[in-house]
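The letter at position 275 of the sequence shown is residue 275 when you use UniProt numbering, and the numbering goes up by one with no holes.
Using N, Cα and C, we set each Cβ at its ideal position, and we do this for glycine too.
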Amino acid sequence: MPIRVLLVEDSPIALAILKRILSSSPDIEIVGTARTGKEALALIPQVQPQVICTDLHMPQMDGLELTQEVMATFPKPILVVSASVQDRASENVFKLLQAGAIDVFPKPLAGLAADYEKVKNELISKIKILAGVSVFTQRRRVHQSLFSPPAMTLPPTPPPARRVSYPIKMIAIGASTGGPQALHRILSPLPADFPLPIICVQHISEGFLQGLVDWLEAECQLPVKIAAMGEFPHPQTIYFPPEKRHLELDRQGRFYYSQASPVSGHCPSVTVTFESVASVYGRSSLGILLTGMGRDGAAGLSAIARAGGLTIAQDEQTSVVFGMPREAIALGAAQQVLPIGEIAKTLLGLTKSQLC
1 MPIRVLLVED SPIALAILKR ILSSSPDIEI VGTARTGKEA LALIPQVQPQ
51 VICTDLHMPQ MDGLELTQEV MATFPKPILV VSASVQDRAS ENVFKLLQAG
101 AIDVFPKPLA GLAADYEKVK NELISKIKIL AGVSVFTQRR RVHQSLFSPP
151 AMTLPPTPPP ARRVSYPIKM IAIGASTGGP QALHRILSPL PADFPLPIIC
201 VQHISEGFLQ GLVDWLEAEC QLPVKIAAMG EFPHPQTIYF PPEKRHLELD
251 RQGRFYYSQA SPVSGHCPSV TVTFESVASV YGRSSLGILL TGMGRDGAAG
301 LSAIARAGGL TIAQDEQTSV VFGMPREAIA LGAAQQVLPI GEIAKTLLGL
351 TKSQLC
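See the structure below:
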(Lines of atoms letter the chains of each structure in order from A and count residues from 1; the text may use other names and numbers.)
(Lines give C-alpha, C1' and ligand atoms only; values in the text may rest on other atoms or scores of the structure.)
Protein backbone atom coordinates (compact mmCIF):
# COMPACT_ATOMS: atom_id res chain seq x y z
CA MET A 1 0.00 0.00 0.00
CA PRO A 2 1.30 3.50 -0.82
CA ILE A 3 2.28 5.84 1.99
CA ARG A 4 -0.55 8.30 2.64
CA VAL A 5 0.76 11.89 2.78
CA LEU A 6 -0.99 15.14 3.70
CA LEU A 7 0.62 18.34 2.35
CA VAL A 8 0.14 21.57 4.32
CA GLU A 9 1.45 24.52 2.29
CA ASP A 10 0.04 27.99 1.57
CA SER A 11 2.21 28.69 -1.49
CA PRO A 12 0.58 27.37 -4.70
CA ILE A 13 3.97 27.15 -6.42
CA ALA A 14 5.62 25.23 -3.58
CA LEU A 15 2.57 22.96 -3.30
CA ALA A 16 2.71 22.18 -7.02
CA ILE A 17 6.41 21.29 -6.78
CA LEU A 18 5.84 19.05 -3.77
CA LYS A 19 2.94 17.30 -5.48
CA ARG A 20 5.03 16.75 -8.61
CA ILE A 21 7.90 15.26 -6.62
CA LEU A 22 5.85 12.97 -4.40
CA SER A 23 3.50 11.88 -7.18
CA SER A 24 6.51 10.59 -9.10
CA SER A 25 6.88 7.77 -6.56
CA PRO A 26 4.51 4.78 -6.81
CA ASP A 27 5.09 4.27 -3.09
CA ILE A 28 3.47 7.58 -2.10
CA GLU A 29 -0.13 8.77 -2.36
CA ILE A 30 -1.09 12.40 -1.66
CA VAL A 31 -4.38 12.03 0.18
CA GLY A 32 -5.02 15.71 0.83
CA THR A 33 -3.72 19.27 0.71
CA ALA A 34 -4.34 22.21 3.04
CA ARG A 35 -3.36 25.88 2.97
CA THR A 36 -3.46 26.43 6.74
CA GLY A 37 -3.01 24.49 9.92
CA LYS A 38 -6.73 24.77 10.64
CA GLU A 39 -7.60 23.19 7.30
CA ALA A 40 -5.10 20.41 7.98
CA LEU A 41 -6.58 19.63 11.40
CA ALA A 42 -10.01 19.27 9.83
CA LEU A 43 -8.65 16.96 7.11
CA ILE A 44 -6.58 14.60 9.24
CA PRO A 45 -9.49 12.51 10.62
CA GLN A 46 -10.96 12.24 7.11
CA VAL A 47 -7.88 11.31 5.07
CA GLN A 48 -5.90 9.44 7.78
CA PRO A 49 -2.40 10.38 6.58
CA GLN A 50 0.63 8.35 7.61
CA VAL A 51 2.93 11.36 7.19
CA ILE A 52 2.24 15.11 7.34
CA CYS A 53 4.45 17.59 5.47
CA THR A 54 3.98 21.13 6.77
CA ASP A 55 5.42 24.57 6.18
CA LEU A 56 6.42 26.78 9.12
CA HIS A 57 4.84 30.09 8.11
CA MET A 58 1.12 29.92 7.25
CA PRO A 59 -1.96 32.09 7.90
CA GLN A 60 -4.49 31.37 10.68
CA MET A 61 -2.46 28.55 12.24
CA ASP A 62 1.26 28.17 11.60
CA GLY A 63 3.35 25.01 11.53
CA LEU A 64 4.27 25.19 15.21
CA GLU A 65 0.65 25.47 16.34
CA LEU A 66 -0.33 22.68 13.95
CA THR A 67 2.40 20.40 15.28
CA GLN A 68 1.34 21.05 18.86
CA GLU A 69 -2.30 20.30 18.04
CA VAL A 70 -1.48 17.16 16.05
CA MET A 71 0.74 15.78 18.81
CA ALA A 72 -1.96 16.46 21.41
CA THR A 73 -4.87 14.94 19.48
CA PHE A 74 -3.89 12.40 16.81
CA PRO A 75 -0.07 12.13 16.69
CA LYS A 76 1.41 11.57 13.24
CA PRO A 77 4.98 11.74 11.89
CA ILE A 78 5.56 15.33 10.75
CA LEU A 79 8.17 16.54 8.26
CA VAL A 80 8.79 20.28 8.33
CA VAL A 81 9.30 21.51 4.75
CA SER A 82 10.43 25.10 5.10
CA ALA A 83 12.16 27.87 3.16
CA SER A 84 13.47 29.29 6.46
CA VAL A 85 17.10 28.36 5.92
CA GLN A 86 20.32 30.33 6.24
CA ASP A 87 18.66 33.07 8.28
CA ARG A 88 17.58 33.67 11.85
CA ALA A 89 14.13 32.25 11.10
CA SER A 90 15.65 28.80 10.66
CA GLU A 91 16.01 28.59 14.44
CA ASN A 92 12.21 28.59 14.67
CA VAL A 93 12.03 25.42 12.57
CA PHE A 94 13.61 23.49 15.43
CA LYS A 95 10.86 24.59 17.78
CA LEU A 96 8.61 22.34 15.68
CA LEU A 97 10.97 19.43 16.33
CA GLN A 98 10.86 20.22 20.02
CA ALA A 99 7.06 20.15 19.78
CA GLY A 100 7.07 16.68 18.20
CA ALA A 101 7.91 16.96 14.49
CA ILE A 102 10.45 14.37 13.35
CA ASP A 103 12.64 15.98 10.68
CA VAL A 104 13.22 19.03 8.47
CA PHE A 105 13.70 19.50 4.74
CA PRO A 106 14.35 22.64 2.66
CA LYS A 107 11.36 23.71 0.59
CA PRO A 108 11.95 22.86 -3.10
CA LEU A 109 11.99 25.96 -5.28
CA ALA A 110 11.00 26.61 -8.87
CA GLY A 111 13.94 26.48 -11.26
CA LEU A 112 15.90 23.76 -9.45
CA ALA A 113 16.28 21.71 -12.62
CA ALA A 114 19.96 20.96 -11.98
CA ASP A 115 19.27 19.50 -8.53
CA TYR A 116 15.78 18.18 -9.15
CA GLU A 117 16.66 14.47 -9.07
CA LYS A 118 18.76 14.88 -5.93
CA VAL A 119 16.03 16.84 -4.13
CA LYS A 120 13.35 14.40 -5.30
CA ASN A 121 15.24 11.35 -4.09
CA GLU A 122 16.08 12.91 -0.73
CA LEU A 123 12.51 14.02 -0.06
CA ILE A 124 10.99 10.67 -1.05
CA SER A 125 13.56 8.90 1.13
CA LYS A 126 12.62 11.03 4.13
CA ILE A 127 8.92 10.33 3.60
CA LYS A 128 9.61 6.58 3.53
CA ILE A 129 11.64 6.77 6.74
CA LEU A 130 8.99 8.79 8.55
CA ALA A 131 6.25 6.40 7.43
CA GLY A 132 7.90 3.77 9.63
CA VAL A 133 7.84 5.92 12.75
CA SER A 134 5.16 5.33 15.37
CA VAL A 135 4.47 8.68 17.00
CA PHE A 136 3.08 9.09 20.47
CA THR A 137 2.83 12.19 22.58
CA GLN A 138 6.46 13.01 23.32
CA ARG A 139 7.49 9.44 22.41
CA ARG A 140 8.75 8.31 19.04
CA ARG A 141 10.29 5.09 17.79
CA VAL A 142 10.48 3.01 14.66
CA HIS A 143 8.61 -0.21 14.02
CA GLN A 144 11.20 -2.96 14.44
CA SER A 145 9.73 -4.89 11.53
CA LEU A 146 10.34 -2.03 9.11
CA PHE A 147 13.86 -0.91 9.82
CA SER A 148 15.44 -3.43 12.16
CA PRO A 149 16.72 -6.96 11.69
CA PRO A 150 15.59 -9.60 14.18
CA ALA A 151 16.30 -9.04 17.85
CA MET A 152 19.92 -9.57 18.82
CA THR A 153 21.76 -10.48 21.99
CA LEU A 154 23.73 -7.46 23.14
CA PRO A 155 27.40 -7.93 23.96
CA PRO A 156 28.19 -7.69 27.68
CA THR A 157 28.72 -4.15 28.95
CA PRO A 158 32.11 -3.56 30.57
CA PRO A 159 31.71 -1.81 33.93
CA PRO A 160 32.50 1.91 33.61
CA ALA A 161 34.45 1.78 36.88
CA ARG A 162 37.43 0.21 35.16
CA ARG A 163 38.03 3.46 33.26
CA VAL A 164 38.23 5.77 36.27
CA SER A 165 42.02 6.04 35.92
CA TYR A 166 41.57 7.50 32.44
CA PRO A 167 39.68 10.78 32.80
CA ILE A 168 37.56 11.72 29.80
CA LYS A 169 38.97 14.67 27.84
CA MET A 170 36.73 14.71 24.75
CA ILE A 171 33.12 13.77 24.05
CA ALA A 172 31.98 13.06 20.48
CA ILE A 173 28.30 12.58 19.60
CA GLY A 174 26.78 11.44 16.30
CA ALA A 175 23.14 11.47 15.20
CA SER A 176 20.81 11.46 12.20
CA THR A 177 16.98 11.25 12.06
CA GLY A 178 15.61 12.35 15.44
CA GLY A 179 19.02 13.72 16.38
CA PRO A 180 18.17 17.38 17.07
CA GLN A 181 15.63 16.34 19.69
CA ALA A 182 18.04 13.78 21.19
CA LEU A 183 20.89 16.30 21.28
CA HIS A 184 18.61 18.75 23.06
CA ARG A 185 17.80 16.12 25.70
CA ILE A 186 21.50 15.46 26.31
CA LEU A 187 23.00 18.93 26.02
CA SER A 188 20.43 21.21 27.65
CA PRO A 189 20.87 19.80 31.20
CA LEU A 190 24.67 20.21 31.17
CA PRO A 191 25.87 23.03 33.45
CA ALA A 192 27.81 26.08 32.27
CA ASP A 193 30.94 24.73 33.99
CA PHE A 194 30.82 21.33 32.26
CA PRO A 195 34.56 20.62 32.01
CA LEU A 196 34.87 19.01 28.57
CA PRO A 197 34.60 19.95 24.90
CA ILE A 198 31.82 18.22 22.97
CA ILE A 199 31.81 17.58 19.21
CA CYS A 200 28.41 16.85 17.65
CA VAL A 201 27.96 15.51 14.12
CA GLN A 202 24.33 15.72 13.00
CA HIS A 203 23.10 14.62 9.58
CA ILE A 204 20.84 17.47 8.50
CA SER A 205 19.49 18.88 5.25
CA GLU A 206 21.60 21.62 3.72
CA GLY A 207 20.77 25.07 5.01
CA PHE A 208 19.52 24.07 8.46
CA LEU A 209 22.83 23.76 10.34
CA GLN A 210 23.03 27.35 11.53
CA GLY A 211 19.42 27.19 12.71
CA LEU A 212 20.23 24.04 14.71
CA VAL A 213 23.27 25.73 16.26
CA ASP A 214 21.27 28.87 17.12
CA TRP A 215 18.42 26.83 18.61
CA LEU A 216 20.72 24.76 20.81
CA GLU A 217 22.66 27.89 21.80
CA ALA A 218 19.41 29.40 23.08
CA GLU A 219 18.42 26.21 24.90
CA CYS A 220 21.77 25.21 26.46
CA GLN A 221 23.92 26.68 29.21
CA LEU A 222 27.05 25.93 27.16
CA PRO A 223 28.03 27.94 24.07
CA VAL A 224 27.32 26.17 20.77
CA LYS A 225 29.29 26.98 17.62
CA ILE A 226 30.60 25.70 14.31
CA ALA A 227 34.19 24.58 14.80
CA ALA A 228 36.74 26.93 13.26
CA MET A 229 39.62 25.68 11.13
CA GLY A 230 42.80 25.52 13.23
CA GLU A 231 40.99 26.04 16.54
CA PHE A 232 41.81 23.97 19.60
CA PRO A 233 38.72 22.45 21.26
CA HIS A 234 37.95 24.26 24.50
CA PRO A 235 36.18 22.88 27.58
CA GLN A 236 32.65 24.11 28.24
CA THR A 237 31.96 24.38 24.50
CA ILE A 238 29.83 22.41 22.01
CA TYR A 239 31.13 22.19 18.43
CA PHE A 240 29.56 21.19 15.11
CA PRO A 241 31.30 20.61 11.76
CA PRO A 242 30.46 23.01 8.93
CA GLU A 243 28.16 21.89 6.14
CA LYS A 244 29.68 19.64 3.45
CA ARG A 245 32.93 19.13 5.38
CA HIS A 246 34.22 16.30 7.52
CA LEU A 247 35.54 17.54 10.88
CA GLU A 248 38.79 16.03 12.11
CA LEU A 249 41.64 16.79 14.52
CA ASP A 250 45.28 17.14 13.49
CA ARG A 251 48.23 15.74 15.45
CA GLN A 252 48.30 18.84 17.62
CA GLY A 253 44.61 18.42 18.40
CA ARG A 254 43.36 21.34 16.29
CA PHE A 255 40.22 21.20 14.17
CA TYR A 256 40.59 20.88 10.44
CA TYR A 257 38.12 20.38 7.62
CA SER A 258 38.30 17.56 5.11
CA GLN A 259 36.63 17.51 1.70
CA ALA A 260 37.07 13.77 1.33
CA SER A 261 34.31 11.71 -0.25
CA PRO A 262 31.14 11.05 1.78
CA VAL A 263 31.34 8.10 4.15
CA SER A 264 28.23 5.90 4.33
CA GLY A 265 26.67 8.55 2.10
CA HIS A 266 27.33 11.43 4.50
CA CYS A 267 29.56 14.48 4.66
CA PRO A 268 30.12 15.39 7.42
CA SER A 269 30.40 11.80 8.60
CA VAL A 270 30.10 10.64 12.19
CA THR A 271 32.62 7.86 11.60
CA VAL A 272 35.27 10.25 10.24
CA THR A 273 35.04 12.45 13.33
CA PHE A 274 34.88 9.50 15.74
CA GLU A 275 37.97 7.90 14.19
CA SER A 276 39.87 11.18 14.46
CA VAL A 277 38.84 11.59 18.10
CA ALA A 278 39.95 8.02 18.80
CA SER A 279 43.32 8.69 17.19
CA VAL A 280 44.00 11.89 19.15
CA TYR A 281 42.34 11.20 22.52
CA GLY A 282 42.44 7.40 22.70
CA ARG A 283 41.37 6.07 26.09
CA SER A 284 40.36 9.59 27.16
CA SER A 285 37.61 9.79 24.55
CA LEU A 286 33.88 9.17 24.94
CA GLY A 287 31.75 8.37 21.89
CA ILE A 288 27.94 8.48 21.85
CA LEU A 289 25.90 7.24 18.89
CA LEU A 290 22.28 8.36 18.78
CA THR A 291 19.15 7.72 16.74
CA GLY A 292 19.47 7.60 12.97
CA MET A 293 19.02 5.63 9.77
CA GLY A 294 21.91 3.71 8.24
CA ARG A 295 25.28 2.75 9.64
CA ASP A 296 27.34 5.95 9.79
CA GLY A 297 29.12 6.15 13.13
CA ALA A 298 29.15 2.43 13.90
CA ALA A 299 32.70 1.88 12.66
CA GLY A 300 33.77 5.13 14.30
CA LEU A 301 32.34 4.08 17.66
CA SER A 302 34.22 0.81 17.27
CA ALA A 303 37.43 2.80 16.72
CA ILE A 304 36.89 4.66 19.99
CA ALA A 305 36.26 1.38 21.82
CA ARG A 306 39.41 -0.19 20.33
CA ALA A 307 41.41 2.86 21.41
CA GLY A 308 40.31 2.25 25.00
CA GLY A 309 37.65 4.95 25.14
CA LEU A 310 34.15 4.71 26.52
CA THR A 311 31.24 4.13 24.12
CA ILE A 312 27.47 4.57 24.48
CA ALA A 313 24.63 3.83 22.05
CA GLN A 314 21.06 5.08 22.42
CA ASP A 315 18.59 2.30 23.12
CA GLU A 316 15.87 1.14 20.71
CA GLN A 317 12.94 2.26 22.83
CA THR A 318 13.92 5.95 22.75
CA SER A 319 15.39 6.06 19.23
CA VAL A 320 13.30 7.56 16.43
CA VAL A 321 15.16 5.27 14.02
CA PHE A 322 17.16 2.43 15.56
CA GLY A 323 19.59 2.09 12.68
CA MET A 324 22.96 3.60 13.55
CA PRO A 325 22.91 2.47 17.20
CA ARG A 326 21.91 -1.06 16.18
CA GLU A 327 24.80 -1.26 13.72
CA ALA A 328 27.21 -0.22 16.47
CA ILE A 329 25.77 -2.77 18.87
CA ALA A 330 26.08 -5.47 16.19
CA LEU A 331 29.79 -4.62 15.88
CA GLY A 332 30.25 -4.94 19.63
CA ALA A 333 31.21 -1.26 19.70
CA ALA A 334 28.67 -0.10 22.31
CA GLN A 335 29.83 -0.72 25.86
CA GLN A 336 26.66 0.82 27.25
CA VAL A 337 23.17 0.99 25.70
CA LEU A 338 21.13 3.70 27.40
CA PRO A 339 17.79 5.49 27.02
CA ILE A 340 18.18 9.08 25.93
CA GLY A 341 17.09 10.38 29.34
CA GLU A 342 19.99 8.59 31.05
CA ILE A 343 22.81 9.78 28.83
CA ALA A 344 23.15 13.31 30.26
CA LYS A 345 23.07 11.84 33.78
CA THR A 346 25.84 9.45 32.78
CA LEU A 347 27.96 12.30 31.41
CA LEU A 348 27.54 14.28 34.61
CA GLY A 349 28.42 11.23 36.69
CA LEU A 350 31.54 10.44 34.66
CA THR A 351 32.80 14.02 34.82
CA LYS A 352 31.71 14.92 38.35
CA SER A 353 35.25 14.82 39.67
CA GLN A 354 36.40 17.03 36.78
CA LEU A 355 33.88 19.84 37.32
CA CYS A 356 35.47 23.15 38.16
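Residue i classed as buried or exposed, judged by whether at least 16 other C-beta atoms fall within 10 angstroms
i           : result
residue 295 : buried
residue 326 : buried
residue 265 : exposed
residue 359 : This structure cannot settle anything about residue 359, because the visible part of the chain is limited to 1 through 356.
residue 231 : exposed
residue 138 : Bear in mind that the predicted position of residue 138 carries a pLDDT of just 43, short of 50, making it too unreliable to give a figure here.
residue 152 : The predicted model places residue 152 with a pLDDT of 43, which falls under 50 and marks its position as unreliable, so this point remains unresolved.
residue 366 : The structure shown does not extend to residue 366, since the chain is modelled only from 1 to 356, so the question has no answer here.
residue 125 : exposed
residue 117 : exposed
residue 115 : exposed
residue 103 : buried
residue 90  : buried
residue 278 : buried
residue 352 : exposed
residue 340 : buried
residue 323 : buried
residue 228 : exposed
Same chain, Cβ closer than 8 Å to residue i, five either side skipped, listed in chain order
i           : result
residue 235 : 194, 195, 196 and 197
residue 260 : 246, 267 and 272
residue 121 : none
residue 192 : 221, 222 and 236
residue 298 : 271, 289, 324, 327, 328, 330, 331 and 333
residue 263 : 246, 269, 271, 272 and 296
Sequence-distant residues of its chain with Cβ nearer than 6 Å to residue i (five each side left out)
i           : result
residue 344 : 186 and 189
residue 220 : 187 and 188
residue 209 : 243
residue 313 : 289, 325, 328, 329, 334 and 337
residue 34  : 8, 40 and 43
residue 25  : 124
residue 203 : 176 and 266
residue 237 : 197 and 223
residue 50  : 3, 4 and 131
residue 108 : 17 and 119
CB-CB length for residue i against residue j, believed under 8 Å
i           : j           : result
residue 239 : residue 267 : Actually they are not in contact, since the Cβ atoms of residue 239 and residue 267 sit about 17 Å apart, beyond 8 Å.
residue 44  : residue 74  : 6 Å
residue 168 : residue 276 : Contact doesn't hold; Cβ gap of about 16 Å is too wide.
residue 80  : residue 54  : 6 Å
residue 321 : residue 300 : Not confirmed; about 18 Å, so no contact.
residue 128 : residue 27  : 7 Å
residue 170 : residue 233 : 7 Å
residue 211 : residue 94  : 6 Å
residue 309 : residue 331 : Going by Cβ atoms, the distance from residue 309 to residue 331 rounds to 15 Å, so no, they are not a contact pair.
residue 47  : residue 6   : 6 Å
residue 97  : residue 180 : 5 Å
Cut-off 7 Å between Cβ atoms - residues of its own chain near residue i, not counting five sequence neighbours on either side
i           : result
residue 305 : 311, 333 and 335
residue 62  : 37 and 56
residue 303 : 274, 275 and 278
residue 15  : 7, 9 and 33
(message) Which complete beta strand (DSSP E) runs does the UniProt domain "Response regulatory" (4-122) hold, if anything under 3 residues is left out?
(response) 28-34, 51-54, 78-82 and 103-106
(message) My parser needs the beta strand (DSSP E) runs of 3 or more residues fully inside the region 222-282; what are they?
(response) 224-226, 237-240, 246-249 and 255-258
(message) Any contact between the region 16-26 and the region 60-69? By contact I mean 3 or more CB pairs, one from each, below 8 Å.
(response) no
(request) Report yes or no: do three or more beta-carbon pairs, one from the region 184-193 and one from the region 215-223, lie closer than 8 Å? (result) yes
(request) Spell out a yes or no on whether the region 278-293 and the region 170-180 are touching, meaning 3 or more CB-CB pairs, one atom from each, closer than 8 Å. (result) yes
(request) Return the chain-ordered ranges of every alpha helix (DSSP H) run that is complete within the region 306-334 and spans a minimum of 4 residues. (result) 324-330
(request) List in chain order: all unbroken beta strand (DSSP E) runs of 3+ residues lying wholly within the region 166-191. (result) 170-175
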